[in-house]
Every structure is written in structure tokens, then in C-alpha cells.
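Protein chains in written order, with the numbering used here: chain A, 1 to 317; chain B, 318 to 813. Worksheet: the structure to be examined is printed underneath.
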Amino acid sequence: MIETVDLSKEFGEFVAVRDVCLNVPEGEVLALLGPNGAGKTTTVRMLGSILKPTSGYARIAGYDTVTQAKSVRRVIGLLTEFPGLYLRMKGLDYLSFFGELQGMPKDLIRSRSEQLLKRFQLWDAHNKQLGQYSKGMKQKLTLVRAMLHDPLVLFLDEPTSAMDPHSAKLVRDSIANLRRERRTIVLCTHNLAEAEQLADRIAIISQGRIIAQGTPAELKQRLLGDPLMEIRMAGPLNGLVPTLGAYVHVVDYGLDWVRFTVPNPAEYNPKLLNELARQEVPVVTLSEVPRSLEEVYLRIVETNQLDLEFQPVGEVK
Amino acid sequence: MAVQTVSRVEHSILGNALVITRREMRDSLRDWRIVSPIVILTLIFPFIMDFTSRWATNWVSRFTDPLLVERLNPFLLMVVGFFPISFSLIIALESFVGEKERNSIEPILSMPVSDLELYLGKLLSSLLLPLLASYLGISVFLISRLLTTPRWVPPVDLAILMYLLTTAEALVMVSGAVVVSSQTTSVRAANLLASFIIIPMALLIQAESVIMFYAEYSTLWWFVAALLVVNVILVRMGIRLFNREDILSRELDELNLKNTWRDFKGYFLRPPELAAQRGNAEAARFDLLRIYRHDIPLLIKQQALPLGVIAVVSLIAVVMGIMLARQFPVPPEALPLQEITPDTFESIQKLQLLPRINTRFIFTNNVRVLLLAGLVSVFSFGSLTLLLTLINVGLVSFIISEVVLLGYNPWLFLATFILPHGILELPAVLLGLTFALRIGAAMVSPPSGLDIGQGVLLTLANFIKVLIFLLIPLLLLAAYIEANITPQIVLTFYAG
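As C-alpha cells, then:
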């Protein structure tokens, strides 16, 4: 649904984006992560046919972003970083304006607006001037605007940044719904927990280059190493560590617990459990120790090394 | 595969533009800061002007003929029309740069509308409200002057002129505001730059006022024509400038002299085909041989269009020179070619054709003209450079025509008085004017891949390069010939 090849953008001598290669299939949510000024917004603007690439190309739903810009803009919905609303307008009028620009018939604008405003709990305020909206309401309204024409692809820049937890959950649920409806979503966010929760794949951009991309699990494994497991016993270990060491790499242990890494838990964990059962060791739990995406992100961005090994096969050059 | 469920209606260019216009006009009508002055100027001010006119007429007629005061009426009519349109500038600045500042422009840029539709929509929204208010104001004033005593019935052409002038002026201000907006990212900076529109408009209004007091109304048609030309230039420039790329690329109103100098140096030093590659430091080196062998011939080749324009204007100047010579023939004593003697050039004023013969004077004069052409070109989008071409070529044509009218052999005159130095000087001056014209043209149509600022820098660097390495040597040689050899040739043929 989204395909870019060597997409680059220069502003004079400043290279904002260089050689970005992405391939986002239909129905996938891609989280585009990166520090401020990394090139996320410029990338999204190029994908949305707002800026022209200096070199390389991008296709959205099969349309070239330069030569078929109008078609691209018809199939995308863009939630910008700043709401930038017309404060003297009323909620419904605001949506009507953008609906008309999208070429939607008036009755359809009305019905879609009502449906979406109700979904995001804004219907009660549809006749109020936007100047009276709270920050979160404004953000929700811009999301409604982006979804109004039922776009195939959505670019969402910080969709929940100004929202209270309840509204943020509404938005996250909507994004999950959209994914179920096979909509393709590019999510730019600094909220790594949200990215991990919503995204099928993560792409990390720094200084204009995609320096890593893959599923959250892939990235964790490649950067933080094999999954970290923890096994807890009903009693003291009693010299069990050397036994475990024969199967896995023990990282740490305590009175009644051991942490270890395994390259492939699906293969090793059953063997390990069998061995422990054979030795009649009472196992209480065996679970993976959660490792945050934040850890991965910080490690990648701080080292800022382009490591081609992170690139999943078939996704990038 | 996922599909969009919404149906769509195809809009025309104007249809899409009007969607934007309607929204912006509604927005303007909700803003009391815009609405209240417009209402006052439309519905109250014309009555005050009507009262002023009647009161002044009645008062003056007690002492003398009220004709003088009646001249006030066209002026008041103009003022009544102009005041409401002065708001168009503010609305336009707010519409174009205000959206950028409030970050509300990006959602619109992501819509399936073209840059032209956006531009048109905003242009119309800035124009329509003040213009309608202005038409209403003029109409209110005219009707009230017709219905009250003493009556004033304006000539029909004056009334039409007022509507046209007002429209052309409003369009100049709005299209000028787009150009100003494209160079800034804040309304504050745009308001400062708006002086470039306000000052010329103020001067224009003063000039129109003077003409109205002299009742030379037909002259105002020239004003309308000139404003329409300016409008065409500004609208074309605005369409070029108002594009998504430039709107979003400009982040700060920053004047960085160091970068400007570095860019200029690069344009100057790089060969023309690589000049626009700002990052190419390798090609930016001084090579005198390359400049003469490659750069200058290529630069001249690249100026085909401005060179063509200069050629056409020169042709017009020649025709104008001939026509003016026929209209204003000089007496034979002004061109006493048969009286030229060896001491003629000692007392050159007697001939009244050549300046004081001196290499330095001639050279500095010619260089000054070219530098002036380059300078005024920037501020006039090249139009004043064309005027300089008209004056210079027209003068030569005028003199030769006078020579013909006085019965002298024009070919001999041309071969002796003009060609010896003119064969170098005329091409040099015309080339200089061509490169100067390109600087002004870059304000409207920057070279491909460059914005206006960079375009002006590049064309300026080209102008200076050609001036230093080609035109100055040519003009120096021409000045030496004009001061020392031309007089000898003239003497050989005319005094001999």
C-alpha cells in the first residue's frame, strides 16, 4: 500500500531525508519513531504528496506521489502534528469544509461527520465554535477530519499526545478498528508504549535515515539479544544452576529464581521443562521478562549507527 | 483489498477555489475587527463625504464660482472607493501568511486541490469582501450626491473609471500581499514587508488625486492599464510562489549574510551549467580561461529570451525615435554637421551631440547606466530596465532620424559618429541590459530549482560576471575610441 524507494529530500544543502525505503502492506500499522528533527514529518509530507522528493519515489495505493498527487491526496488522511483549527468555525462546519474539498456529497459529509463525532464523543459539541474546544477535543476533531473521507492510508502524527487517558484509549481503539478494516496506518509518535501496542512494525529514523525496522519482537531480539526468561521454583534452587546452564545461558539467579536467555524459547523451553520435571524440580512459573521498546529505541538512537543487519529481509534494500 | 466507501463529486478549478473562498469569507464576516470598519466605511463614510462635498460647495458658492469645490467630488469618490479596499491587504496577509503561522495550512495542503485552486480561492476571498464594500461605498456616495442638493452628476466614464481603478488597485494589493507572504512566516514580518505595497499605493493615490483636481480624467485610463500590467506580473508571480513546496520549506525569516555571500560566491565561481548546484564546492573555483572560453558564451546562450525581449524593445525604441523626430524636428543649427572644423571638438557644446570627450567620463557613464539597470531591475521586476533600453536606443534612433530629416546622409553619420565606438558599445550595453533584465525577471520567474532569493542571487552573479569579464573591457575600449578615434573619423569625413 505504501512503497518508497530511495526517497530523499534536501532543503538547500540540508538533507532532511535520505534514501528511505519502506514497504507497508495493506492493513499494517507502521510506527515511525525518531527524535525531533529526524525527518519523520518530512517523510510523511512526501508520502502525502505535499512535498516533492529530491530523489527517489513513493507510491501510495499504486499512485505516484509526484505525478498523481491529487489521487494520492484522495486516498490518504493526514493528522498533522498541530491541530491548526479555524477557531471561529463550528465543529460540523469545519468537517463540511474538508469534506467539500475532498469532493464528498453534502449528505454523505453530514452522515459521516455525525457517525465519527459520535464515535469520538464530540457530537454534543458539534455546534460549538472550535475556540471553545479543549486541547484533547481539538485533537480528536482533527482525527475525525483525517478519517472523514474513509481514506485507505492514514498518517497520524502524535494522535494522542494532548489527550486524557480515556480519550487516548478511544483513539487507540479506533486505530485498532481501522487496522481490522484493512486500513494502512503510519503512526509517528514519541509514545513508545503506544507504538508497541498498536504497531505491527516499527521503523526508527534518525538524521533522515531509517536506521532500523522490523516487528517490535525482531528489534528487541536483534538489539537486546535473545529473549530473557525467568523461572521460579517452589523452593531453593539447590545446585540447579549448572543443570540449567547445560540448556540455556544463565544470566542471573536468586534463592528460588533464575533468569536466562534462549535463542528460541519455543524450542528450548519445553526441553528445559521436561528436564526439570524429570528431576522432579517443582516449577511455579516460567515467563518472559518484558523488555521495553524504549530500551531498544534509546540504544539505536544513541548509537545512531546504521546497522543493515536490523533490516528484515525483503523489506528494504 | 480495502476500498474507499465514499462517493465523490468532481469540482472544477473554480468550484474548488470557491469552497476555500466561502470558508474564508465566512471567517472574515465573523471577525468584528474586519466587519465593523468595513460597515463604517461602506455605509457611514460615504454620507460624511457627501455632507462634506455639499457643505463645501454651498460655503464656497457664497463667495465665488463653486467649480473649484466641485473638483473635490471625484477625489471624494476615489477616497470612498479606496478606503474599504485598503482592508484587502490585511485580509490577504492574514489569509496567506496567517494560515502558515497558525499551522492550519497543512491540512488544506493535504487535500486533493491544486496549488492554483488554493491560490485562487484565497485571492478571491481576500478580494471579494473589500471590493463589494468598495462598490457599495461608491454607489452610496454617487446616489446620495445625485439625490441631494447641490447635485453632482459625474461623467459616466469617470464613474466607470472609479470602479475599474478600485478593482485594479485591490487586485494589486492582494496579489502583492501573496508575494510578500511568500517571503515570511509570520503576520508581523508580513506587515513590515507590506510597506513595499503601501508606499507605492500611497504615491499612486496622490498622483490620482492631482490628476482629478486638474480634471484630466482620461489620464486615469493609463493608470488602469499600468495597474493591469502590474497585476498580471504579480498574479503570475503569486501563482509561481504559492506552492506547497515553498510554503512548507520556508521555516524562518532569517537573514544570513554569511550564507548569502557563500551562495553568491558559488554562483559566481561555478560554470553556468553547475551554478544552481549549491552543494557543489568542487566546481566553485576561479578559472579565467574557462570563464572566457566556456562560461560567458554559455551564459549569453542561456539569455535567449531576455535578449529577444531587449531586441523587441530596441525595435520599438527605434520606431519611437523616428516618430518623435518627425513630431519634434530640430532646427538645422542644432545639428550643424556642415560646419564641423578641426576646433569643433575643442568647443563641443557647439555641436550639442557628444558629451565632453573624455575616456573616463564616457566609460563611467556607461558603467553607471548598466549598474543602475541592474539595481532598478530588482525593484521593478525588470520593467525599468526596459525603460532604460527604450530611452538609450530611442535617443540614438531620434538623432539619426533628425540627421535624415535635415537632409544629411544617415549612413555616413552612422559610420562616422556612431559605429567606430558603437560597434563595441552598443552590443555591450544591450548585453548588460539583457542580464540586468534577467535579475528582475528572476523575481517573477526564478531559474528552475531555485526560490526567488536564490534566483536573484544567481542572476546577479551572472550579471556581475559578464560585466567584469566582458562588458567593462568592451566599454573601456569603446570609451577610448569614442574619446580619441571617433572625433578624428568625423573630422576626416565632415571637416575634410
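From the three backbone atoms N, C-alpha and C, an ideal C-beta is built for every residue, glycine too.
Close partners of Asp563/B in chain A (Cβ separation under 9 angstroms) are lacking, with about 10 angstroms as the shortest Cβ gap. Note that the C-beta distance between Leu509/B and Gln500/B is not below 8 angstroms.
Residues of chain B with a Cβ closer than 8 angstroms to the Cβ of Tyr86/A are, in chain order, Arg340, Asp344, Ser421. In terms of Cβ geometry, Ile798/B and Pro744/B do not form a close pair [threshold 8 angstroms]. In this chain, Ser324/B is not harboured by any beta strand (DSSP E), its DSSP state being neither H nor E.
Excluding residues up to 5 positions away in sequence, Leu722 lie with their Cβ nearer than 6 angstroms to the Cβ of Pro646/B in the same chain.
Counting along the chain, no beta strand (DSSP E) covers Trp376/B; the unbroken alpha helix (DSSP H) around it starts and ends at 362-378.
Between the stretch 287-304 of chain A and the stretch 63-72 of chain A there are fewer than three inter-stretch CB-CB distances shorter than 8 angstroms, so the stretches are not counted as touching. With a cutoff of 8 angstroms on beta-carbon distance, Leu198/A and Val296/A are scored as not near each other. For Lys106/A, there is no enclosing beta strand (DSSP E); the residue is found in the alpha helix (DSSP H) stretching over 106-119. Here the alpha carbons of Leu705/B and Gly724/B stand approximately 29 angstroms from one another.
The beta carbon of Phe82/A sits closer than 8 angstroms to some beta carbon of chain B. Taking the C-beta atoms as reference points, Arg587/B is found nearer than 8 angstroms to Asn597/B.
Contacts with chain A (Cβ-Cβ distance below 9 angstroms) from the stretch 407-431 of chain B involve Glu416, Arg419, Asn420, Ser421, Ile422, Glu423, Pro424, Ile425, Leu426, Ser427, Met428, Pro429, Val430, Ser431, listed in chain order. Taking a contact as a CB-CB distance under 8 angstroms, the pair Phe400/B and Glu486/B does not count as one, their CB atoms being some 11 angstroms apart. Contact check for Met529/B against Arg388/B passes: the beta carbons are separated by less than 8 angstroms.
Ile50/A places its beta carbon 8 angstroms or farther from that of Leu22/A.
Take the alpha-carbon of Leu652/B and the one of Val636/B: they are about 21 angstroms apart. In the three-state reduction of the DSSP assignment, Ile2/A falls in the strand class. Taking the Cα of Gly332/B as reference, the smallest distance to any Cα among Arg45/A, Arg222/A, Leu47/A, Phe97/A is reached at Phe97/A. Classified as exposed, Arg610/B has fewer than 16 neighbouring CB atoms from the shown chains inside 10 Å of its CB. When secondary structure is reduced to three states using DSSP, Leu30/A falls in the strand class.
A contact is defined here as three or more CB-CB pairs under 8 angstroms, and the stretch 130-145 of chain A meets this definition with respect to the stretch 155-165 of chain A. Annotation: Cβ neighbours of Ser324/B in chain A (cutoff 8 angstroms, chain order): Met104, Pro105, Leu108. Beta-bridge annotation (DSSP): Ile639/B is not paired with any residue.
DSSP places Tyr86/A in the coil class of the three-state scheme, outside both helix and strand.
For Phe120/A, not one C-beta of chain B is nearer than 8 angstroms to its own C-beta.
Taking a Cβ-Cβ cut-off of 7 angstroms, Asp604/B has no neighbours in chain A, whose nearest Cβ is about 23 angstroms from it. Within the same chain, and ignoring the five residues on either side of Leu481/B in sequence, the residues whose Cβ sits closer than 8 angstroms to its Cβ are Val541. Among the residues facing chain A, Val336/B is included, as its CB has a counterpart in that chain under 8 angstroms away. With respect to the C-alpha of Ser503/B, the residue from Arg419/B, Phe698/B, Ala600/B having the closest C-alpha is Arg419/B. Annotation: Leu244/A to Leu154/A spans about 48 angstroms, alpha carbon to alpha carbon. Glu486/B has a beta carbon lying at 8 angstroms or more from every beta carbon in chain A.
When the beta-carbon positions are compared, Leu85/A and Lys128/A stay at least 8 angstroms from each other.
When CB distances to chain B are screened at a threshold of 9 angstroms, the residues of the stretch 143-163 of chain A falling below it are Arg145, Ala146, Leu148, His149, Asp150, Pro151, Leu152, Phe155, in chain order.
Under the 10 Å beta carbon count, Tyr531/B is surrounded by fewer than 16 other beta carbons and is classified as exposed.
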